[in-house]
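Colleague: Input: one structure, supplied below.
There are 2 protein chains.
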Amino acid sequence: MARGTDREWRRRDIADALLRVAGERGLHAATMRAVAAEAGVSLHLVQHYFDTKEQLMSFALQRLAELMRDRVVQRVSGVAGPRELVETILAEALPTDPASRLHHLVYTSYAMLAVTDPALAAHPFLAAPDAMESFVAEQLAHGRPGTDPRLESAALLAMCAGLGAGVLAGQRSAEDAMAVLRHQLDRLFEVTH
Amino acid sequence: MARGTDREWRRRDIADALLRVAGERGLHAATMRAVAAEAGVSLHLVQHYFDTKEQLMSFALQRLAELMRDRVVQRVSGVAGPRELVETILAEALPTDPASRLHHLVYTSYAMLAVTDPALAAHPFLAAPDAMESFVAEQLAHGRPGTDPRLESAALLAMCAGLGAGVLAGQRSAEDAMAVLRHQLDRLFEVTH
DNA sequence: CTGTATAGGGTACAGTTGTACCAATTCTTT
DNA sequence: AAAGAATTGGTACAACTGTACCCTATACAG
């Protein structure tokens, strides 16, 4: 009777192994065999829980979105005030620690694959970013009534995505990226003149 | 005697074929054979001009940076005034037409590879973005003396990178991205209060 | 007790990859 | 004219990929 949930656990374990491999050696290195080895199981077991590699890739992407959402929820708990909320959420979009670094590397790799791979493109890839953007827009709307919430929130999210890519690529440090982010938030939330 | 330059032309042709394949089918699809077919030459010829795939990948990346630089130079010619210059340069960072769409897809794919591939990481990947950032900072410095040029230019460049990724992923249209960009530039270049 | 489904392991296979090798042709130089 | 270097082609090969197949155990329904 617990078979169903047990099965789901196994699938999660394997998907997490894929994410680990992809984060350390690149998404292209996440072969069936590499994932099986990382998960400490046989190749056949991976095949048993995922009929095809496409299914595994798709499930791992779901799992990644889930993990990123969990991180945001955990970070946001106990934070109050529009400025603090927005800063917390946007900071999570920056790869400041190994875990989020892995997340953003794998997520962006998936996104690049999705541009040319119809199967991945069908995924609800953009649900999380869209939700973030709406949330930030909402906070701006009744935290800074003078501004255009949608345009400003889109700009902020895009900036963080770009800053995150810059950090990943080694263009700037996570601290520098945070400084750029804080500067923009200071401007947005400065006392009305 | 023209052999040397002839050889260089051939290498460019092959590298351009790689960029075309990568832009249409993804960087992972740019195999030796696919590149040879796209270039209309035999597999051995590709091997002849590039001893190893790593060399081909590296040369194609150089070539991509060259093409992107050429596009910026061409776009900027005939444009005057800080606001117009900055807008022109940043707009080029957005995938508004097929060519720049291809450029940004392949460039970002390379960047993701470089995170886990030491050979690619050694490349002067960030020279172009850094140069752009410096140029924009310079324009802001004596176009908008009140602002912090480096922080604002970093924010603008990062925002455009993020917007570009969003356009590639299908999150928003190129027009919407341009609207977000223009809104930020309007703010930066509004009459001093 | 018997059969049937689930979980697991090992191996085989066809296709693709980067690379290496061998042959032929063309061009330059002596 | 001859020799040799550069250029092009075809094919071979070892490694790796995703997938398929065959063989056990163990749990549970009849």
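Quick mapping for you: the protein sequence lines, in order, are chains A and B. Residues 1 to 193 in the numbering used here are what the first sequence spells out, letter by letter. Residues 194 to 386 in the numbering used here are what the second sequence spells out, letter by letter. In this text, a Cβ means the ideal position worked out from N, Cα and C, and glycines have one as well.
Going residue by residue through the stretch 88-122 of chain A, where are the continuous alpha helix (DSSP H) segments of at least 4 residues, counting only ones entirely within it?
Modeller: If we require 4 residues or more, the alpha helix (DSSP H) runs fully inside the stretch 88-122 of chain A come out as 98-116 and 118-121.
Colleague: Using a C-beta to C-beta distance shorter than 8 Å, which residues of chain A count as neighbours of serine 302(B)?
Modeller: In the second sequence, counting from the first residue as 1, residue 302(B) sits at position 109. Met112, listed in chain order.
Colleague: Take every Cβ of the stretch 372-379 of chain B, pair it with every Cβ of the stretch 325-335 of chain B, and state whether three or more of those distances are shorter than 8 Å.
Modeller: Short answer: they don't touch.
Colleague: In terms of alpha-carbon separation, which member of Arg187(A), His48(A), Met68(A) and Arg12(A) lies closest to arginine 101(A)?
Modeller: As a working mapping, residue 101(A) is identified with position 101 in the first sequence. Selected option, being the one with the closest Cα: Met68(A).
Colleague: Please report the distance separating the alpha-carbon of histidine 28(A) from that of glutamate 84(A).
Modeller: Along the first sequence, read from residue 1 onward, the residue named residue 28(A) stands at position 28. Along the first sequence, read from residue 1 onward, the residue named residue 84(A) stands at position 84. If I take the Cα positions, the gap works out to 37 Å.
Colleague: Considering Cα atoms alone, identify which of Glu217(B), Gln377(B) and Phe243(B) is closest to aspartate 206(B).
Modeller: Taking the second sequence and counting its residues from 1, one reaches residue 206(B) at position 13. The residue with the shortest Cα to Cα distance from aspartate 206(B) is Phe243(B).
Colleague: Run through the stretch 28-88 of chain A for me and flag every whole alpha helix (DSSP H) of 4 or more residues, listed as ranges in chain order.
Modeller: You should have 32-39, 43-49 and 53-76.
Colleague: Is the CB-CB distance between arginine 256(B) and alanine 208(B) below 8 Å?
Modeller: On the second sequence, residue 256(B) is found 63 positions in, with the first residue counted as 1. On the second sequence, residue 208(B) is found 15 positions in, with the first residue counted as 1. Yes, Cβ-Cβ distance for arginine 256(B) and alanine 208(B) is below 8 Å.
Colleague: Can you look up leucine 319(B) in the DSSP assignment and give me helix, strand or coil?
Modeller: Here residue 319(B) refers to the residue found at position 126 of the second sequence. Coil, per DSSP.
Colleague: Alpha carbon to alpha carbon, what distance is there between proline 149(A) and aspartate 186(A)?
Modeller: Position 186 of the first sequence, counted from the first residue, corresponds to residue 186(A). Position 149 of the first sequence, counted from the first residue, corresponds to residue 149(A). Spanning the two alpha carbons is a distance of roughly 16 Å.
Colleague: From the DSSP output, in three-state form, read off aspartate 148(A) for me.
Modeller: Translated into the one-based positions of the first sequence, residue 148(A) becomes position 148. Residue state, collapsed to three classes: coil.
Colleague: Give the straight-line distance between the Cα atoms of glutamate 201(B) and serine 235(B), rounded to the nearest whole angstrom.
Modeller: The count along the second sequence starts at 1 and reaches residue 201(B) at position 8. The count along the second sequence starts at 1 and reaches residue 235(B) at position 42. Answer to the nearest angstrom: the Cα atoms are 17 Å apart.
Colleague: Please confirm whether valine 373(B) has its beta-carbon closer than 8 Å to some beta-carbon of chain A.
Modeller: Within the second sequence, numbered from 1, the residue matching residue 373(B) stands at position 180. At least one chain A Cβ lies under 8 Å of valine 373(B).
Colleague: Going along the stretch 155-169 of chain A in order, which residues come within less than 9 Å of chain B, judged by CB to CB distance?
Modeller: Flagged, chain order: Ala155, Leu156, Leu157, Ala158, Met159, Cys160, Ala161, Gly162, Leu163, Gly164, Ala165, Gly166, Leu168 and Ala169.
Colleague: Could you check the C-alpha separation between glutamate 259(B) and aspartate 290(B) for me, to the nearest Å?
Modeller: By one-based count along the second sequence, residue 259(B) stands at place 66. By one-based count along the second sequence, residue 290(B) stands at place 97. Rounded to whole angstroms, glutamate 259(B) to aspartate 290(B) spans 18 Å at the Cα level.
Colleague: Select from the stretch 223-251 of chain B all residues with a C-beta closer than 7 Å to any C-beta belonging to chain A, and list them in chain order.
Modeller: Cβ contacts with chain A: none found.
Colleague: Please state the DSSP three-state secondary structure of arginine 365(B).
Modeller: Here residue 365(B) is taken as the residue at index 172 of the second sequence, counted from 1. Looking at arginine 365(B) - three-state DSSP - the assignment turns out to be coil, as it is neither helix nor strand.
Colleague: Is it right to say glycine 233(B) is buried, meaning 16 or more other beta carbons lie within 10 angstroms of its own, or is it exposed?
Modeller: Within the second sequence, the letter at position 40 stands for residue 233(B). Per the 10 Å Cβ criterion, exposed.
Colleague: Can you say whether glycine 166(A) is buried or exposed, counting buried as having 16 or more other CB atoms within 10 angstroms of its CB?
Modeller: Translated into positions along the first sequence, residue 166(A) becomes position 166. So glycine 166(A) counts as buried.
Colleague: With 8 Å as the threshold, decide whether the Cβ of proline 129(A) is near any Cβ in chain B.
Modeller: For the purposes of this step, residue 129(A) is taken as the residue at position 129 of the first sequence. Answer yes: the Cβ-Cβ gap between proline 129(A) and chain B drops below 8 Å somewhere.
Colleague: Just verifying my parser: in three-state terms, what is the DSSP assignment at histidine 142(A)?
Modeller: Residue numbering aside, residue 142(A) sits at position 142 when the first sequence is read from its first letter. Note: histidine 142(A) maps to coil in three-state DSSP.
Colleague: Is there at least one Cβ from chain B nearer than 8 Å to threonine 88(A)'s Cβ?
Modeller: Translated into the one-based positions of the first sequence, residue 88(A) becomes position 88. It does not: the Cβ of threonine 88(A) has no partner Cβ on chain B nearer than 8 Å.
Colleague: Buried or exposed, going by whether 16 or more other CB atoms sit within 10 Å of the CB of glutamine 364(B)?
Modeller: Working through the second sequence from its first residue, we reach residue 364(B) at position 171. It is buried - the Cβ of glutamine 364(B) has at least 16 other Cβ atoms within 10 Å.
Colleague: If I measure Cβ to Cβ from valine 214(B) and keep anything under 8 Å in the same chain, skipping five residues before and after, which residues do I get?
Modeller: By 1-based counting over the second sequence, the position of residue 214(B) is 21. Ala222, Ala223, Ala227, Val228 and Glu231.
Colleague: In three-state terms, what does DSSP make of glutamate 24(A)?
Modeller: Reading the first sequence from its first residue, position 24 is the one you call residue 24(A). Note: glutamate 24(A) maps to helix in three-state DSSP.
Colleague: Return yes when the Cβ of alanine 155(A) is within less than 8 Å of the Cβ of glutamine 332(B), no when it is not.
Modeller: Translated into positions along the second sequence, residue 332(B) becomes position 139. Translated into positions along the first sequence, residue 155(A) becomes position 155. Not a contact, by the Cβ cut-off of 8 Å.
Colleague: Could you tell me the distance, in whole angstroms, from the CA atom of alanine 312(B) to the CA atom of glutamate 247(B)?
Modeller: Here residue 312(B) is taken as the residue at index 119 of the second sequence, counted from 1. Here residue 247(B) is taken as the residue at index 54 of the second sequence, counted from 1. Going by the C-alpha atoms only, they are around 8 Å apart.
Colleague: Would phenylalanine 125(A) pass as an interface residue toward chain B - the criterion being a Cβ-Cβ separation below 8 Å?
Modeller: Locating residue 125(A) in the first sequence gives position 125, where the first residue counts as 1. Phenylalanine 125(A) counts as touching chain B.
Colleague: With DSSP as the reference, label aspartate 186(A) as helix, strand or coil.
Modeller: Along the first sequence, read from residue 1 onward, the residue named residue 186(A) stands at position 186. It is helical.
Colleague: For chain A, find out if any of its Cβ atoms is closer than 8 Å to the Cβ of glycine 336(B); answer yes or no.
Modeller: Within the second sequence, numbered from 1, the residue matching residue 336(B) stands at position 143. So no, glycine 336(B) is outside the interface.
Colleague: Step through the CB atoms of chain B and report whether any lies within less than 8 Å of the CB of arginine 25(A).
Modeller: Here residue 25(A) corresponds to residue number 25 of the first sequence, with the count starting at 1. Yes, its Cβ sits closer than 8 Å to a Cβ of chain B.
Colleague: With a threshold of 6 Å on Cβ separation, who are the neighbours of leucine 56(A) within its own chain once the five nearest residues in sequence on each side are excluded?
Modeller: In the first sequence, the residue the question calls residue 56(A) occupies position 56. So the qualifying residues of the chain are Phe50.
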